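Reviewing the structure listed below.
Numbering (the UniProt record's numbering), first residue to last: 1 to 680.
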């Protein structure tokens, strides 16, 4: 076994690898960019090496810097995690050349499986079934358009050099294909440095089933069961579970054997995942999609139902040992479900949010596992993937696992950052999800009402109580969880801050607070009868004779109050004096929906645009967002390609060029989000 390993990654996966390495007595080396200088994985490792600036190309993706860090610290092996360099054949080869063990497959296996076209050719020779599609690499747009007619619409555009949803587009009409190919090529080139594309027939009501495999250097290959990953949003996984509720034992055995043959087709070594597409109406028929030549984000659900530490197996195989398990040793016990927690706002089209965590609250308990890489006070920047944690719930059966996951999500909060936690609760409690009636388009079919998350009157009463509690001599400067202790230390003098019943000599008196709620200014009158803050920081608020509980957090920097109760997580802003929520009267503004960089400006100042015309393309967290004109008129562009922009920064203004009065539209521009992606 190794003495020292380097983890060429960040966040929760770096912490995950460190945890197993420490259990095995292995010294760990972390690497970090300037954006992660104070991150949790840096503090958890035995030592850490700075790679460079926040930009991934100058830090986590710089092969020479990572190899140099390994040499400088005496690391004998490198664990790539997932994303970044984990499926980079040149990185695997560079490790070999430097005499460092790459804890993954060899470069040839990565090259073969990393190119989806050569991967299909390799597995087809081993009898693994394939979805109909193009076979030739390097096809031009014209050749792909011609091939689409033979394949039949709808088709799916896929980049040959990578996965995770980057560059993937479903096309239903021939007229839509040329523009979709152009967008897909740009996204593939930006993400993988390779714009090669291919087409596949789009399978109706598809389900995404993947199989975990593990292989050693002695010719032994096993599979550890399948995972259901059908709950996706635009090809990005959201909920994963093991085993699948779709497969029967006979199909499970066949798909597992197909995964093993896939690994054998390239002489595979290490952990890998073979992904299949299965039609919901034909669960006994499956097709090979691709092989991910690394550990997956969703590997914990496999670990929970098999009892096998996959990172330990990676380390043992990398050290040259034979697999300590045979196929007969693998059994699946119970059911496990994982939810990915992202810094994104489902109510705004799942746009990335970012921000700084006031606190990080996750539960523990029977059947609950949390893999997270975020600490209180840490910022979530736009430089990297927006996933901040994984919440895994396991039980003796699927229903129990889902119930535990829902309860765990209800007890989770990351105040300071808008997340998808409440959406995840909505998703896993849908009747079709509870019944196991899944497909990869289920989330995309949800309506605005199902994605919306609106504060209730009870949430407003929590916020009012919190504002009143912070009106002491220093209370308004509190940043963090509002507990009896923190309020007292901050000098909050209000009776609301005291953990006992509040009374007034005027029973009809109702204090009011000006708040911004769901983007609208509100003059909220308190209906709170009593407030008690217990020793655990839980607020017990009595409203109209009914007691409600929750946690309350405050951020003095932007005067926000975060309420985390059993109804969800809501943010309220204390209205500033002389603040107007009305957009500028000079025209309809196109605003940056998140911090990011300007990729492309599609119009020039002085051009006439119609409502919905594309204006600017902004990239954030490896997603492209096309911002469109909110109204017809003459556009003035202030955005510059390559520039970094802040949240709600004005990128362009559209002025009505037809009205005599000079009146203009006043709604902000909208964003069309390209397929979401992760490094997973």
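Glycine included, each C-beta is placed from N, C-alpha and C at the ideal position.
Remember, it's a predicted structure, so these values are computed and weren't measured experimentally.
Buried versus exposed, by CB contacts within 10 Å (16 or more), residue 218: So residue 218 counts as exposed.
contact_flag[the region 385-395, the region 341-352] where n(CB pairs < 8 Å) is 3 or more: Contact holds: three or more Cβ-Cβ distances are below 8 Å.
Residue 512 versus residue 551 - alpha carbon distance: Cα to Cα, the separation comes out at about 21 Å.
For residue 392, the nearest candidate out of 633, 563, 238, 616 (CA to CA): The option with the nearest alpha carbon to residue 392 is 238.
Close beta carbons around residue 105, own chain, < 6 Å, minus the five adjacent residues each side: Within the same chain, and ignoring the five residues on either side of residue 105 in sequence, the residues whose Cβ sits closer than 6 Å to its Cβ are 268, 269, 270, 293.
Given 8 Å, three or more beta-carbon pairs between the region 549-568 and the region 605-625: Segments in contact, no.
Whole-angstrom distance between residue 252 and residue 283, CA atom to CA atom: Their Cα atoms are separated by approximately 10 Å.
Bounding residues of the beta strand (DSSP E) (the contiguous stretch that carries residue 292): Start and end: 286-292.
Exposure label - residue 38; buried when at least 16 CB within 10 Å: Here residue 38 is exposed. Its C-beta has fewer than 16 other C-beta atoms within 10 Å.
Residue 416 vs residue 358 beta-carbon contact at 8 Å: The answer is yes: Cβ separation under 8 Å.
Opening and closing residue of the beta strand (DSSP E) in which residue 574 lies: Per DSSP, the continuous beta strand (DSSP E) segment holding residue 574 begins and ends at 568-574.
Whole-angstrom distance between residue 378 and residue 207, CA atom to CA atom: Between residue 207 and residue 378, the C-alpha separation is close to 36 Å.
Cα-Cα separation, residue 108 to residue 91: Between residue 108 and residue 91, the C-alpha separation is close to 12 Å.
Status (buried if at least 16 other CB within 10 Å, exposed otherwise) for residue 546: It counts as exposed.
CB-CB length for residue 167 against residue 191, believed under 8 Å: Correct: roughly 7 Å between the Cβ atoms.
CA nearest to the CA of residue 242, picked from 36, 295, 333, 326: Of 36, 295, 333, 326, the residue nearest in Cα terms is 333.
Residue 585, buried or exposed, once every other Cβ within 10 Å from all chains shown has been counted against 16: Residue placement at residue 585 cannot be trusted, given a pLDDT of 42 that sits under 50; the coordinates are not used to answer.
Three CB pairs or more closer than 8 Å across the region 37-57 and the region 119-129: Inter-segment contact for the region 37-57 and the region 119-129 is absent: fewer than three beta-carbon pairs are separated by less than 8 Å.
CB contact flag (residue 100, residue 203, <8 Å): No, they are not a contact pair.
Beta-carbon proximity check, residue 4 vs residue 76, cutoff 8 Å: Yes, the pair counts as a contact, with Cβ atoms nearer than the cut-off.
C-alpha gap between residue 201 and residue 144, whole angstroms: Straight-line Cα distance between these residues: approximately 12 Å.
Contact set for residue 260: own chain, Cβ-Cβ below 8 Å, skip 5 residues either direction: Closer than 8 Å at Cβ, skipping near neighbours: 213, 221, 222, 223.
CB contact check: residue 80 to chain B, cutoff 8 Å: Of the protein chains in the structure, only one exists, and it is not chain B.
Cβ neighbour criterion (16 or more within 10 Å) applied to residue 326: In the assembly as shown, residue 326 is an exposed residue. Its beta-carbon has fewer than 16 other beta-carbons within 10 Å.
Three-state class that DSSP yields for residue 588 in the structure shown: Taken through DSSP and simplified to helix, strand or coil, residue 588 comes out as strand.
Given 8 Å, three or more beta-carbon pairs between the region 618-638 and the region 590-604: Proximity of the region 618-638 to the region 590-604 meets the contact definition, three or more beta-carbon pairs being nearer than 8 Å.
Alpha-carbon spacing of residue 549 relative to residue 462, whole angstroms: Whole-angstrom Cα-Cα distance: 9 Å.
For residue 165 and residue 246, the rounded distance between their alpha carbons: In this structure, the CA atom of residue 246 is about 23 Å from the CA atom of residue 165.
Beta-carbon proximity list for residue 20, same chain, < 8 Å, skipping 5 on both sides: The answer, listed in chain order, is 309, 311, 312, 315.
Beta-carbon separation (whole angstroms), residue 335 vs residue 401, contact threshold 8 Å: With 8 Å as the limit, residue 335 and residue 401 qualify as a contact, their Cβ atoms being about 5 Å apart.
Rounded separation between residue 419 and residue 353 - CA only: Going by C-alpha positions, residue 419 is about 8 Å away from residue 353.
Any non-hydrogen atom of the ligand NAD closer than 7 Å to residue 632 Cβ: Judged by which ligands are present, the structure shown has none, so any question about the ligand NAD falls away.
Residue 649, DSSP secondary structure in three states: Three-state DSSP puts residue 649 in coil, outside helix and strand.
Beta-carbon proximity of residue 640 to residue 618, cut-off 8 Å: Result no, Cβ atoms of residue 640 and residue 618 do not sit closer than 8 Å.
Bridge-paired residues (DSSP) for residue 276: 209, 288.
Rounded separation between residue 421 and residue 142 - CA only: Residue 421 and residue 142: Cα-Cα distance of roughly 43 Å.
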